[in-house]
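A.B. asks:
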Ligand SMILES: [Zn+2]
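In the numbering used here, the protein residues as written are 3 to 63.
1. How about residue 20 and residue 27: are their beta carbons less than 8 Å apart?
2. Is the separation between the beta-carbon of residue 47 and that of residue 18 shorter than 8 Å?
3. Can you tell which of 33, 22 and 32 has the C-alpha that lies nearest to the C-alpha of residue 58?
4. Can you tell me the Cα-Cα spacing of residue 7 and residue 13, whole angstroms?
5. Beta carbon of residue 52, beta carbon of residue 41: below 8 Å?
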């Protein structure tokens, strides 16, 4: 998978990918699901800026 993301903070192309699960999972507001949706985020390896938050299960919302 090729990522062409660019850091919106410092302009670096040195971008990593992270996933938040567990307690940091995003929960649909006002809906009762047993678990939330994992959140993926892009991380700038140069300045540490986190951006491009997205969930892998947008249909839950
Ligand atoms: Zn950066």
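Backbone N, C-alpha and C fix where the C-beta goes; we use that ideal spot for every residue, glycine too.
C.D. replies: Reading from the atomic positions:
1. Taking 8 Å as the cut-off, the Cβ atoms of residue 20 and residue 27 do not count as close.
2. Against a cut-off of 8 Å, the Cβ pair of residue 18 and residue 47 comes out as a contact.
3. Minimum Cα distance to residue 58 is reached at 22.
4. Each residue's alpha carbon lies about 9 Å from the other.
5. Not in contact: residue 52 and residue 41 (Cβ atoms no closer than 8 Å).
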